[in-house]
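Accompanying notes for the structure given below.
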Amino acid sequence: MFETIELKNTIGDLLDSQTERYGDREALVHVEAGTRLTYREFKAECDRVARGLMAVGIDKGQHVGIWVTNYLEWVVAQFATAKIGAVLVTVNPSYRTHELEYVLKQSEANALILIGQFRTSDYVSMANEVIVELKDSAPGELRSSKLPYLRNVIFIPQPSAPETKTPDGMWSWQDIREKSAEVSETELVRRQASCHPDDTINIQYTSGTTGNPKGAMLTHYNLVANGYYTGEGMKFTEEDRLCIPVPFYHCFGCALGNLACVTHGSTIVIPSEYFEPLKSLEAVQKESVRLCRGSRLCS
(Lines of atoms letter the chains of each structure in order from A; the text may use other names.)
(Lines give C-alpha, C1' and ligand atoms only; values in the text may rest on other atoms or scores of the structure.)
Protein backbone atom coordinates (compact mmCIF):
# COMPACT_ATOMS: atom_id res chain seq x y z
CA MET A 1 0.00 0.00 0.00
CA PHE A 2 1.33 3.46 -0.90
CA GLU A 3 2.60 5.49 2.05
CA THR A 4 2.67 9.28 2.14
CA ILE A 5 6.16 10.72 1.73
CA GLU A 6 7.86 13.77 3.20
CA LEU A 7 7.61 16.45 0.51
CA LYS A 8 10.09 18.85 2.11
CA ASN A 9 12.87 16.46 1.29
CA THR A 10 16.01 16.06 -0.78
CA ILE A 11 16.01 13.76 -3.78
CA GLY A 12 18.75 11.63 -2.23
CA ASP A 13 16.86 11.13 1.01
CA LEU A 14 13.70 10.39 -0.96
CA LEU A 15 15.41 7.57 -2.84
CA ASP A 16 16.82 6.14 0.39
CA SER A 17 13.44 6.10 2.15
CA GLN A 18 11.64 4.65 -0.87
CA THR A 19 14.28 1.92 -1.09
CA GLU A 20 13.55 0.97 2.51
CA ARG A 21 9.86 0.66 1.63
CA TYR A 22 10.04 -0.90 -1.83
CA GLY A 23 13.55 -2.38 -2.02
CA ASP A 24 12.67 -5.55 -3.94
CA ARG A 25 10.21 -3.91 -6.32
CA GLU A 26 11.39 -2.90 -9.77
CA ALA A 27 12.47 0.73 -9.90
CA LEU A 28 13.55 0.90 -13.51
CA VAL A 29 13.26 -1.13 -16.70
CA HIS A 30 15.03 -0.19 -19.94
CA VAL A 31 13.21 -2.33 -22.48
CA GLU A 32 15.50 -1.70 -25.46
CA ALA A 33 18.64 -2.42 -23.41
CA GLY A 34 17.10 -5.37 -21.56
CA THR A 35 18.03 -3.91 -18.16
CA ARG A 36 16.04 -4.25 -14.93
CA LEU A 37 16.87 -2.80 -11.52
CA THR A 38 15.03 -3.11 -8.24
CA TYR A 39 14.92 -0.10 -5.94
CA ARG A 40 17.72 -1.66 -3.90
CA GLU A 41 19.87 -2.23 -6.98
CA PHE A 42 19.09 1.21 -8.37
CA LYS A 43 20.04 2.94 -5.10
CA ALA A 44 23.30 0.96 -4.95
CA GLU A 45 24.19 2.07 -8.48
CA CYS A 46 23.32 5.70 -7.72
CA ASP A 47 25.45 5.59 -4.57
CA ARG A 48 28.34 4.08 -6.48
CA VAL A 49 28.26 6.73 -9.19
CA ALA A 50 27.80 9.47 -6.57
CA ARG A 51 30.99 8.37 -4.82
CA GLY A 52 32.77 8.18 -8.18
CA LEU A 53 31.78 11.74 -8.99
CA MET A 54 33.08 12.83 -5.60
CA ALA A 55 36.34 11.01 -6.31
CA VAL A 56 36.98 13.05 -9.47
CA GLY A 57 36.45 16.27 -7.53
CA ILE A 58 32.83 17.23 -8.12
CA ASP A 59 31.74 19.27 -5.11
CA LYS A 60 28.42 20.35 -3.71
CA GLY A 61 26.97 23.22 -5.73
CA GLN A 62 29.05 22.52 -8.84
CA HIS A 63 27.28 22.12 -12.16
CA VAL A 64 27.21 18.87 -14.15
CA GLY A 65 25.92 19.02 -17.73
CA ILE A 66 24.26 15.91 -19.15
CA TRP A 67 24.05 15.56 -22.94
CA VAL A 68 22.53 12.11 -23.14
CA THR A 69 19.39 10.54 -24.58
CA ASN A 70 17.07 8.24 -22.60
CA TYR A 71 19.53 5.74 -21.19
CA LEU A 72 19.51 4.17 -17.76
CA GLU A 73 22.67 6.15 -16.97
CA TRP A 74 20.70 9.40 -17.33
CA VAL A 75 18.42 8.43 -14.46
CA VAL A 76 21.37 7.22 -12.36
CA ALA A 77 23.13 10.55 -12.95
CA GLN A 78 19.97 12.42 -11.95
CA PHE A 79 19.91 10.80 -8.51
CA ALA A 80 23.69 10.50 -8.06
CA THR A 81 24.27 14.23 -8.58
CA ALA A 82 21.37 15.03 -6.25
CA LYS A 83 22.90 12.87 -3.53
CA ILE A 84 26.15 14.85 -3.59
CA GLY A 85 24.49 18.25 -3.99
CA ALA A 86 25.79 18.80 -7.53
CA VAL A 87 23.47 20.69 -9.88
CA LEU A 88 22.42 18.71 -12.95
CA VAL A 89 22.29 20.88 -16.08
CA THR A 90 20.09 19.19 -18.66
CA VAL A 91 21.24 19.66 -22.25
CA ASN A 92 18.86 19.16 -25.17
CA PRO A 93 20.06 16.19 -27.27
CA SER A 94 19.22 18.15 -30.43
CA TYR A 95 21.55 21.05 -29.62
CA ARG A 96 24.15 22.04 -32.18
CA THR A 97 27.72 23.04 -31.39
CA HIS A 98 27.05 26.73 -30.69
CA GLU A 99 24.15 25.84 -28.40
CA LEU A 100 26.26 23.35 -26.45
CA GLU A 101 28.95 25.98 -25.99
CA TYR A 102 26.42 28.56 -24.84
CA VAL A 103 24.85 26.29 -22.20
CA LEU A 104 28.17 25.03 -20.82
CA LYS A 105 29.53 28.57 -20.63
CA GLN A 106 26.39 30.24 -19.27
CA SER A 107 25.86 27.55 -16.62
CA GLU A 108 29.55 27.56 -15.62
CA ALA A 109 29.55 23.77 -15.93
CA ASN A 110 32.28 21.91 -14.05
CA ALA A 111 31.60 18.57 -15.75
CA LEU A 112 29.88 17.19 -18.83
CA ILE A 113 28.43 13.71 -19.27
CA LEU A 114 27.85 12.73 -22.90
CA ILE A 115 27.25 9.86 -25.29
CA GLY A 116 28.93 9.36 -28.66
CA GLN A 117 26.17 10.29 -31.04
CA PHE A 118 22.46 10.90 -31.55
CA ARG A 119 20.92 10.53 -34.99
CA THR A 120 23.11 12.71 -37.26
CA SER A 121 24.91 14.47 -34.40
CA ASP A 122 28.44 13.35 -33.54
CA TYR A 123 28.64 14.50 -29.92
CA VAL A 124 32.33 13.70 -29.51
CA SER A 125 33.34 15.78 -32.54
CA MET A 126 31.07 18.61 -31.43
CA ALA A 127 32.51 18.53 -27.91
CA ASN A 128 36.06 18.61 -29.30
CA GLU A 129 35.14 21.57 -31.48
CA VAL A 130 33.96 23.51 -28.44
CA ILE A 131 36.64 22.22 -26.05
CA VAL A 132 39.74 22.33 -28.25
CA GLU A 133 42.06 21.38 -25.37
CA LEU A 134 40.14 18.20 -24.51
CA LYS A 135 42.00 15.69 -26.71
CA ASP A 136 45.35 16.75 -25.28
CA SER A 137 44.24 16.69 -21.63
CA ALA A 138 44.34 13.89 -19.09
CA PRO A 139 40.90 12.97 -17.71
CA GLY A 140 40.00 15.34 -14.90
CA GLU A 141 42.76 17.83 -15.74
CA LEU A 142 41.06 19.85 -18.45
CA ARG A 143 41.84 23.55 -18.69
CA SER A 144 39.68 25.17 -21.35
CA SER A 145 40.07 28.77 -22.48
CA LYS A 146 36.41 28.99 -23.55
CA LEU A 147 35.03 27.08 -20.56
CA PRO A 148 37.25 27.90 -17.59
CA TYR A 149 35.12 26.02 -15.05
CA LEU A 150 35.06 22.72 -16.96
CA ARG A 151 37.33 20.00 -15.56
CA ASN A 152 35.72 16.61 -16.20
CA VAL A 153 34.14 15.09 -19.31
CA ILE A 154 32.54 11.67 -18.85
CA PHE A 155 31.73 9.35 -21.76
CA ILE A 156 28.90 6.82 -21.81
CA PRO A 157 29.37 4.17 -24.54
CA GLN A 158 26.29 3.26 -26.59
CA PRO A 159 25.49 -0.27 -27.74
CA SER A 160 24.01 1.27 -30.89
CA ALA A 161 27.15 3.28 -31.73
CA PRO A 162 30.05 1.70 -33.63
CA GLU A 163 32.71 3.55 -31.61
CA THR A 164 32.75 2.54 -27.95
CA LYS A 165 36.37 3.39 -27.14
CA THR A 166 36.60 6.21 -24.63
CA PRO A 167 37.74 9.36 -26.48
CA ASP A 168 40.95 11.11 -25.43
CA GLY A 169 40.63 13.42 -22.45
CA MET A 170 37.48 11.80 -21.09
CA TRP A 171 36.64 9.48 -18.23
CA SER A 172 34.54 6.47 -19.15
CA TRP A 173 31.36 5.82 -17.18
CA GLN A 174 33.04 2.65 -15.92
CA ASP A 175 36.00 4.74 -14.70
CA ILE A 176 33.60 6.74 -12.54
CA ARG A 177 32.03 3.57 -11.17
CA GLU A 178 35.44 2.14 -10.31
CA LYS A 179 36.69 5.35 -8.71
CA SER A 180 33.88 5.03 -6.17
CA ALA A 181 36.30 2.83 -4.22
CA GLU A 182 38.27 5.99 -3.36
CA VAL A 183 35.36 7.53 -1.42
CA SER A 184 33.81 5.81 1.59
CA GLU A 185 30.11 5.33 2.20
CA THR A 186 30.52 7.50 5.29
CA GLU A 187 31.80 10.38 3.16
CA LEU A 188 28.79 10.07 0.87
CA VAL A 189 26.40 10.02 3.84
CA ARG A 190 28.07 13.14 5.20
CA ARG A 191 27.83 14.94 1.85
CA GLN A 192 24.20 13.93 1.38
CA ALA A 193 23.34 15.15 4.88
CA SER A 194 24.69 18.60 3.98
CA CYS A 195 22.05 18.99 1.26
CA HIS A 196 18.85 20.95 1.97
CA PRO A 197 15.45 20.70 0.27
CA ASP A 198 15.69 24.34 -0.80
CA ASP A 199 19.08 23.90 -2.51
CA THR A 200 19.14 24.30 -6.29
CA ILE A 201 19.70 20.87 -7.78
CA ASN A 202 18.71 21.19 -11.44
CA ILE A 203 19.03 23.83 -14.16
CA GLN A 204 16.83 23.43 -17.23
CA TYR A 205 17.23 25.74 -20.19
CA THR A 206 14.08 27.17 -21.71
CA SER A 207 13.14 30.05 -23.97
CA GLY A 208 10.67 31.34 -26.50
CA THR A 209 11.38 31.76 -30.20
CA THR A 210 13.81 34.66 -29.79
CA GLY A 211 16.87 35.22 -27.65
CA ASN A 212 19.12 32.75 -25.89
CA PRO A 213 17.73 30.05 -23.57
CA LYS A 214 17.44 30.98 -19.90
CA GLY A 215 18.44 28.59 -17.13
CA ALA A 216 15.51 27.82 -14.81
CA MET A 217 16.83 26.90 -11.36
CA LEU A 218 14.91 24.10 -9.63
CA THR A 219 15.27 22.87 -6.04
CA HIS A 220 14.96 19.43 -4.46
CA TYR A 221 11.66 20.49 -2.90
CA ASN A 222 10.31 21.83 -6.18
CA LEU A 223 11.07 18.62 -8.06
CA VAL A 224 9.93 16.22 -5.34
CA ALA A 225 6.64 18.09 -4.91
CA ASN A 226 6.04 18.27 -8.66
CA GLY A 227 6.69 14.57 -9.06
CA TYR A 228 4.50 13.68 -6.09
CA TYR A 229 1.47 15.74 -7.05
CA THR A 230 1.69 14.62 -10.67
CA GLY A 231 1.58 11.04 -9.46
CA GLU A 232 -1.31 11.82 -7.15
CA GLY A 233 -3.25 13.37 -10.01
CA MET A 234 -2.77 10.22 -12.06
CA LYS A 235 -3.52 7.99 -9.04
CA PHE A 236 -0.13 6.29 -9.00
CA THR A 237 0.47 3.35 -6.66
CA GLU A 238 3.49 1.14 -6.06
CA GLU A 239 1.85 -1.39 -8.38
CA ASP A 240 2.03 0.96 -11.35
CA ARG A 241 4.49 1.05 -14.23
CA LEU A 242 4.92 4.29 -16.17
CA CYS A 243 6.14 4.24 -19.77
CA ILE A 244 8.31 7.32 -20.40
CA PRO A 245 9.05 7.85 -24.11
CA VAL A 246 9.46 11.62 -23.65
CA PRO A 247 13.01 13.03 -23.33
CA PHE A 248 14.59 13.16 -19.89
CA TYR A 249 16.24 16.54 -20.48
CA HIS A 250 12.77 18.11 -20.17
CA CYS A 251 10.85 18.32 -16.89
CA PHE A 252 8.11 16.16 -18.43
CA GLY A 253 10.54 13.24 -18.44
CA CYS A 254 12.84 13.75 -15.44
CA ALA A 255 10.37 15.28 -12.97
CA LEU A 256 6.83 14.36 -14.02
CA GLY A 257 8.13 10.96 -15.11
CA ASN A 258 11.09 9.71 -13.08
CA LEU A 259 10.30 11.53 -9.84
CA ALA A 260 6.57 10.85 -10.09
CA CYS A 261 7.49 7.16 -10.08
CA VAL A 262 9.99 7.29 -7.23
CA THR A 263 7.68 9.35 -4.99
CA HIS A 264 5.11 6.55 -5.31
CA GLY A 265 7.33 3.47 -5.43
CA SER A 266 6.26 2.91 -9.04
CA THR A 267 8.38 1.54 -11.90
CA ILE A 268 10.06 3.69 -14.55
CA VAL A 269 9.72 1.97 -17.94
CA ILE A 270 12.04 3.36 -20.64
CA PRO A 271 11.03 1.95 -24.03
CA SER A 272 14.04 3.13 -26.04
CA GLU A 273 16.92 5.59 -26.34
CA TYR A 274 14.65 8.11 -28.06
CA PHE A 275 11.02 8.14 -29.11
CA GLU A 276 10.05 5.40 -31.54
CA PRO A 277 6.28 4.79 -31.72
CA LEU A 278 6.44 1.04 -32.25
CA LYS A 279 8.96 0.47 -29.46
CA SER A 280 6.82 2.53 -27.09
CA LEU A 281 3.73 0.46 -27.90
CA GLU A 282 5.68 -2.78 -27.55
CA ALA A 283 6.96 -1.63 -24.13
CA VAL A 284 3.42 -0.85 -22.98
CA GLN A 285 2.30 -4.35 -23.96
CA LYS A 286 5.36 -6.26 -22.75
CA GLU A 287 5.64 -4.50 -19.39
CA SER A 288 1.89 -4.38 -18.62
CA VAL A 289 2.01 -0.60 -18.43
CA ARG A 290 -1.11 1.21 -17.15
CA LEU A 291 0.22 4.76 -17.47
CA CYS A 292 2.16 6.50 -20.22
CA ARG A 293 3.72 9.90 -20.74
CA GLY A 294 3.19 11.28 -24.21
CA SER A 295 3.08 14.53 -26.12
CA ARG A 296 4.44 16.20 -29.20
CA LEU A 297 7.70 16.57 -27.23
CA CYS A 298 8.39 12.93 -28.07
CA SER A 299 9.53 13.90 -31.53
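Numbering (this note's numbering), first residue to last: 1 to 299. Heads up, the beta-carbon is just placed ideally off N, CA and C, and yes, glycines get one too.
To the nearest angstrom, how far is the alpha carbon of residue i from that of residue j?
{"i": "ARG96", "j": "SER121", "result": "8 Å"}
{"i": "ILE58", "j": "ASP24", "result": "31 Å"}
{"i": "THR164", "j": "ALA82", "result": "28 Å"}
{"i": "ASP136", "j": "GLY169", "result": "6 Å"}
{"i": "GLU256", "j": "GLY231", "result": "According to the sequence displayed, residue 256 carries Leu and not Glu. Each residue's Cα considered, the two are about 8 Å apart."}
{"i": "ARG296", "j": "ASP175", "result": "Note that ARG296 scores 47 on pLDDT, short of 50, meaning its location in the model is unreliable and no value can be drawn from it."}
{"i": "ASP199", "j": "LYS8", "result": "11 Å"}
{"i": "ASN128", "j": "GLU6", "result": "43 Å"}
{"i": "ILE115", "j": "GLU185", "result": "28 Å"}
{"i": "LEU53", "j": "SER180", "result": "8 Å"}
{"i": "TRP173", "j": "ARG293", "result": "28 Å"}
{"i": "TYR274", "j": "ASN70", "result": "6 Å"}
{"i": "GLU101", "j": "ARG21", "result": "42 Å"}
Pick from the options: whose alpha carbon is nearest that of residue i?
{"i": "VAL130", "options": "LEU218, LYS286, ALA138 and SER144", "result": "SER144"}
{"i": "VAL189", "options": "GLY12, THR210, LYS8 and ILE5", "result": "GLY12"}
{"i": "ASN212", "options": "LEU242, PHE252 and GLN106", "result": "GLN106"}
{"i": "GLU238", "options": "THR10, GLU26, ASP16 and LEU14", "result": "GLU26"}
{"i": "LEU15", "options": "LEU142, GLU101, SER160 and ALA44", "result": "ALA44"}
{"i": "ILE201", "options": "SER207, LEU112 and ALA80", "result": "ALA80"}
{"i": "SER160", "options": "VAL132, PHE118 and ALA111", "result": "PHE118"}
For residue i, name the three-state secondary structure that DSSP assigns.
{"i": "GLU20", "result": "helix"}
{"i": "VAL269", "result": "strand"}
{"i": "ASN202", "result": "strand"}
{"i": "SER160", "result": "coil"}
{"i": "ILE66", "result": "strand"}
{"i": "SER184", "result": "coil"}
{"i": "PHE155", "result": "strand"}
{"i": "GLU133", "result": "coil"}
Please determine whether the Cβ atom of residue i lies at a distance below 7 Å from any heavy atom of the ligand ATP.
{"i": "TYR123", "result": "No copy of the ligand ATP appears in this structure; indeed no ligand is present at all."}
* Could you tell me whether the stretch 218 to 229 touches the stretch 258 to 276, using the rule of 3 or more Cβ pairs below 8 Å? => yes
* **alpha helix (DSSP H) segments (min. 4 residues) lying fully within the stretch 79 to 121** => 97 to 106
* the stretch 270 to 280 / the stretch 240 to 248 touching (three or more Cβ pairs under 8 Å) -> yes
* To do: Give, in chain order, every unbroken run of the alpha helix (DSSP H) that is at least 4 residues long and sits entirely within the stretch 189 to 270.
  => 220 to 233
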